[in-house]
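*Asks:* Chains as they are written, first to last, in our numbering: chain A, 844 to 1023; chain B, 844 to 1023; chain C, 844 to 1023.
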Amino acid sequence: MAKIKFIISRFFAYILRRWVSCTPFNFVRLRLYRLSGLTVGRKCSILMGCELRYPHKIILGDHCVVNRDVLLDGRGGLLTLGNNVDVAQEVVIWTLGHDIHDDFHRDIGAPVTIEDFVWIGHRAIIMPGVTLGRGAVVAAGAVVTKSVPAMSIVAGVPAKVIGQRQSALSYTKFHRPWFE
Amino acid sequence: MAKIKFIISRFFAYILRRWVSCTPFNFVRLRLYRLSGLTVGRKCSILMGCELRYPHKIILGDHCVVNRDVLLDGRGGLLTLGNNVDVAQEVVIWTLGHDIHDDFHRDIGAPVTIEDFVWIGHRAIIMPGVTLGRGAVVAAGAVVTKSVPAMSIVAGVPAKVIGQRQSALSYTKFHRPWFE
Amino acid sequence: MAKIKFIISRFFAYILRRWVSCTPFNFVRLRLYRLSGLTVGRKCSILMGCELRYPHKIILGDHCVVNRDVLLDGRGGLLTLGNNVDVAQEVVIWTLGHDIHDDFHRDIGAPVTIEDFVWIGHRAIIMPGVTLGRGAVVAAGAVVTKSVPAMSIVAGVPAKVIGQRQSALSYTKFHRPWFE
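Following this line, the structure appears as structure tokens:
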């Protein structure tokens, strides 16, 4: 019985990933993601092609924009996005990995927290256990392995602080392009 | 009325991105991209899975090869490719981004110019405002944030010059694989 | 006649890449990959969305896990994976590239060997001619341009040794998630 339940849950994960993510209407996708357990605030958008693993372990605040083909992973711990977070295309946020030194290559997970006004650039990768402080900026293509202080700009593989953001953070994001 | 026009234009962008790009025939894709405003020279190929944003702001010269799953962005300024340019799989060329320090996270754009005989390697990312000089080479996985002189080889995140290309550039590219 | 044969082989490559890889059942995919020439050992899995170029030049040992959206390229030489190799999502392994300095931008290929118990992290790129020694670990987002000694951990673009793996390698991988 538990086995059948598990297979059905995997089937729904497949439907979410392959078919729901291709629906060209944001409100349809959001409704179905919510049904699958995602907690999502007001005026958010999750564009086409995204994958949510364990959506019941993912929390989005208000006015978040999750661009196309993003992977959000809630398998290894809670993945929390604050308000006005901007996640660019093809970003991947992991909460689960393998323990490198483990004799049995076991999984190891840790929660990830993205605070308000963070902007994660195109194709960046965020590793398990990372916290991105309020207003932090991750440059395109960066691989973030350690937590980033508020208002810092990080870049590179692995990501290092390359500057400080000078912004009053006076914006409220809202981005729901048609058919995206 | 303008609103309806806008929605229709977004719908066509969706059709180009999701359906036209999956047509397994180069001549069909090129014809439809041209109809949508792309300027493209002789003997070019744009393989499957590519996305052209604002194709009317993108110009390809002759004998260019744009490999699979490439994203060319014309939203922030003119994106110009010269002749015999080779763009590898999953390359992304942006002309639009956000102003990091802006209080309102506003968009900021700049044109990108790729000169003749440039070779952009697998999964490289080219940022707005960059010019790649004649015969330049971008290594796989590089993130190019600054302009690159002619015949230079750049690599890394961010990309730095690691050598000079020794080539007479005597070739004429033409690559139209069946069903790709 | 040879021309027609070639076109048919390209058509089958397209079917493998676009349709077979989307079949949500591992045993169906494996059977069809085997029919197309792939050599694959016992208890392996190749998850959805993968692309195998020249599958008849690719050899997988036992208990390998090839995650989603991986590209394995056998065009430029034999691509060999040992036993218990773990290839993470979106990894790309090339055996073919272009000769940078060649006057005619000709192709240049070299075989790639991945030994037992290697773990290649998310979105890493392995370049032609590389050998990854037994138990080596490639960090997420790394671009591996040179061979890696056994039990070494490499990271960055280009990848450099950042540590040694402390693991008895006592595991046998087997990962066949439903509908993935």
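Ideal placement from N, C-alpha and C gives every residue a C-beta, glycine not left out.
Kindly indicate which three-state DSSP category Arg896(C) falls into: helix, strand or coil?
*Replies:* Here residue 896(C) refers to the residue found at position 53 of the third sequence. Correct three-state label for Arg896(C): strand.
*Asks:* Quick one: grab the DSSP three-state call for Ser879(C).
*Replies:* For the purposes of this step, residue 879(C) is identified with residue 36 of the third sequence, where counting begins at 1. Residue state, collapsed to three classes: coil.
*Asks:* Under a CB-based cut-off of 7 Å, is Trp1021(C) close to chain A?
*Replies:* Along the third sequence, one-based indexing puts residue 1021(C) at 178. A Cβ of chain A is located within less than 7 Å of the beta carbon of Trp1021(C).
*Asks:* Whose C-alpha, out of Lys846(C), Ser852(C), Ser888(C), Ala967(C), is nearest the C-alpha of Lys1016(C)?
*Replies:* Stepping through the third sequence from its first residue, residue 1016(C) is reached at position 173. Residue Ser888(C) is the option with its Cα nearest to Lys1016(C).
*Asks:* What's the gap between the Cα of Gln932(A) and the Cα of Gly940(B)?
*Replies:* Locating residue 932(A) in the first sequence gives position 89, where the first residue counts as 1. Locating residue 940(B) in the second sequence gives position 97, where the first residue counts as 1. Roughly 12 Å between the two C-alpha positions.
*Asks:* One question on the structure: do Leu921(A) and Leu903(A) come within less than 7 Å of each other, judged by their Cβ atoms?
*Replies:* Looking up residue 921(A) in the first sequence gives position 78. Looking up residue 903(A) in the first sequence gives position 60. No, Cβ-Cβ distance for Leu921(A) and Leu903(A) is not below 7 Å.
*Asks:* Could you tell me how far apart the beta carbons of Val955(C) and Gly972(C) are, in whole angstroms, since I believe they sit closer than 8 Å?
*Replies:* Taking the first residue of the third sequence as position 1, residue 955(C) is located at position 112. Taking the first residue of the third sequence as position 1, residue 972(C) is located at position 129. Correct: roughly 7 Å between the Cβ atoms.
*Asks:* Indicate whether at least one CB of chain F lies closer than 7 Å to the CB of Tyr897(C).
*Replies:* Absence of chain F from the displayed structure is noted, the protein chains being A, B and C.
*Asks:* Give the residues of chain B in contact with Ile996(A), contact being defined as C-beta atoms less than 8 Å apart.
*Replies:* The count along the first sequence starts at 1 and reaches residue 996(A) at position 153. Contact annotation for Ile996(A) against chain B: Ile943 [CB-CB distance below 8 Å, chain order].
*Asks:* Return the first residue and the last residue of the beta strand (DSSP E) that Ala998(B) is part of.
*Replies:* For the purposes of this step, residue 998(B) is identified with residue 155 of the second sequence, where counting begins at 1. Element bounds for Ala998(B): 995-998.
*Asks:* Of all the beta strand (DSSP E) runs that stay within the bounds of the stretch 888-941 of chain A, which reach a length of 3 or more residues?
*Replies:* 894-896, 901-903, 914-916, 922-924, 939-941
*Asks:* Below 8 Å on the Cβ atoms is my contact criterion, and I expect Asn926(C) with Asp959(C) to pass it. Report the Cβ-Cβ distance as a whole number of Å.
*Replies:* Here residue 926(C) refers to the residue found at position 83 of the third sequence. Here residue 959(C) refers to the residue found at position 116 of the third sequence. With 8 Å as the limit, Asn926(C) and Asp959(C) qualify as a contact, their Cβ atoms being about 5 Å apart.
*Asks:* Should the stretch 944-952 of chain A be regarded as contacting the stretch 997-1017 of chain C, the criterion being three or more beta carbon pairs within less than 8 Å?
*Replies:* yes
*Asks:* For Val1004(B) and Phe870(A), what's the separation of their Cα atoms in angstroms?
*Replies:* Numbered from its first residue, the second sequence carries residue 1004(B) at position 161. Numbered from its first residue, the first sequence carries residue 870(A) at position 27. Going by the C-alpha atoms only, they are around 46 Å apart.
*Asks:* Please identify the residue among Thr988(C), Cys865(C), Phe855(C) whose C-alpha is closest to the C-alpha of Val913(C).
*Replies:* Translated into positions along the third sequence, residue 913(C) becomes position 70. Nearest to Val913(C) by C-alpha distance, out of Thr988(C), Cys865(C), Phe855(C), is Cys865(C).
*Asks:* Can you name the residues of chain B whose CB is closer than 9 Å to the CB of Arg874(A)?
*Replies:* For the purposes of this step, residue 874(A) is taken as residue 31 along the first sequence, with counting starting at 1. Those do not exist, as Arg874(A) stays about 20 Å from chain B at its closest Cβ, beyond 9 Å.
*Asks:* So Ser1013(A) contacts chain B; which residues on that side make the cut at Cβ distance below 8 Å?
*Replies:* Within the first sequence, numbered from 1, the residue matching residue 1013(A) stands at position 170. The answer, in chain order, is Asp946, Phe947.
*Asks:* Relative to the alpha-carbon of Ile936(A), which residue among Asp942(A), His906(A), Cys893(A) has its alpha-carbon at the smallest distance?
*Replies:* As a working note, residue 936(A) is residue 93 in the first sequence. With distances taken between Cα atoms, Ile936(A) lies closest to Cys893(A).
*Asks:* Taking Val981(B) and Val987(B) to be in contact with their CB atoms under 8 Å, please state how far apart those CB atoms are, rounded to whole angstroms.
*Replies:* Indexing the second sequence from 1 puts residue 981(B) at position 138. Indexing the second sequence from 1 puts residue 987(B) at position 144. Right, the Cβ-Cβ distance comes to about 6 Å (below 8 Å), so this counts as a contact.
*Asks:* How far does the alpha helix (DSSP H) with Lys1016(A) in it extend, from its first residue to its last?
*Replies:* Locating residue 1016(A) in the first sequence gives position 173, counting from the first residue. No alpha helix (DSSP H) contains Lys1016(A), which DSSP labels as neither H nor E.
*Asks:* Hey, could you find the ends of the alpha helix (DSSP H) Lys1030(C) is sitting in?
*Replies:* Nothing can be reported for residue 1030(C): it is not among the residues displayed for chain C, which extend from 844 to 1023.
*Asks:* Alpha carbon to alpha carbon, how far is His965(C) from Pro867(A)? Give it in angstroms, no decimals.
*Replies:* Counting from one through the first sequence, the residue named residue 867(A) turns up at place 24. Counting from one through the third sequence, the residue named residue 965(C) turns up at place 122. Going by the C-alpha atoms only, they are around 28 Å apart.
*Asks:* Determine which residues share a DSSP beta bridge with Gln1007(A) and list them.
*Replies:* The residue given as residue 1007(A) occupies position 164 in the first sequence. In DSSP, Gln1007(A) forms a bridge with Ser995(A).
*Asks:* Is Gly999(A) close to chain B? Criterion is C-beta to C-beta, closer than 7 Å.
*Replies:* Here residue 999(A) refers to the residue found at position 156 when the first sequence is read from its first residue. With 7 Å as the cut-off, Gly999(A) counts as an interface residue toward chain B.
*Asks:* If you draw a straight line from the alpha carbon of Trp862(C) to that of Val883(B), how long is it in whole angstroms?
*Replies:* As a working mapping, residue 862(C) is identified with position 19 in the third sequence. As a working mapping, residue 883(B) is identified with position 40 in the second sequence. Taking the straight line from one Cα to the other gives about 30 Å.
*Asks:* Please name the residue in Ile996(C), Leu895(C), Leu878(C), Ala1002(C) whose C-alpha comes closest to that of Lys989(C).
*Replies:* To locate residue 989(C), count along the third sequence from 1; it is residue 146. Closest in C-alpha terms to Lys989(C), from the list Ile996(C), Leu895(C), Leu878(C), Ala1002(C), comes Ala1002(C).
*Asks:* Buried or exposed: where does His906(C) fall if 16 or more other Cβ atoms within 10 Å of its Cβ makes it buried?
*Replies:* In the third sequence, counting from the first residue as 1, residue 906(C) sits at position 63. His906(C) should be labelled buried.
*Asks:* Beta carbons nearer than 9 Å to chain B: which residues of the stretch 969-993 of chain A have them?
*Replies:* Val980, Ala982, Ala983, Gly984, Ala985, Val986
*Asks:* Pull up the distance between the alpha-carbon of Asp942(A) and that of Leu975(C), whole angstroms please.
*Replies:* Translated into the one-based positions of the first sequence, residue 942(A) becomes position 99. Translated into the one-based positions of the third sequence, residue 975(C) becomes position 132. Approximately 19 Å between the Cα atoms of the pair.
*Asks:* I'd like the list of long-range same chain contacts for Ala983(C), defined as Cβ closer than 7 Å, with 5 residues on each side in sequence excluded.
*Replies:* Taking the first residue of the third sequence as 1, we reach residue 983(C) at position 140. Gly964, His965, Arg966, Ala967, listed in sequence order.
*Asks:* Of all Cβ atoms in chain B, is any one closer than 7 Å to the Cβ of Phe1017(C)?
*Replies:* Working through the third sequence from its first residue, we reach residue 1017(C) at position 174. Chain B contact via Cβ: absent.
*Asks:* Is there a Cβ from chain C that is less than 7 Å from the Cβ of Arg1008(B)?
*Replies:* Here residue 1008(B) corresponds to residue number 165 of the second sequence, with the count starting at 1. Output row for Arg1008(B): interface = yes.
*Asks:* Mapping DSSP to helix, strand and coil, what is Val871(A)?
*Replies:* Reading the first sequence from its first residue, position 28 is the one you call residue 871(A). Reduced to three states, the DSSP call for Val871(A) is helix.
*Asks:* For Thr956(A), which beta-bridge partners are listed by DSSP?
*Replies:* Counting from 1 along the first sequence, the entry for residue 956(A) is found at position 113. Note: Thr956(A) sits in a beta bridge opposite Thr923(A), Thr974(A).
*Asks:* Drop a sphere of 10 angstroms on the beta-carbon of Ile969(A), count the other beta-carbons inside from all chains shown, and report buried for 16 or more, exposed for fewer.
*Replies:* Looking up residue 969(A) in the first sequence gives position 126. With 16 or more other Cβ atoms within 10 Å, it is buried.
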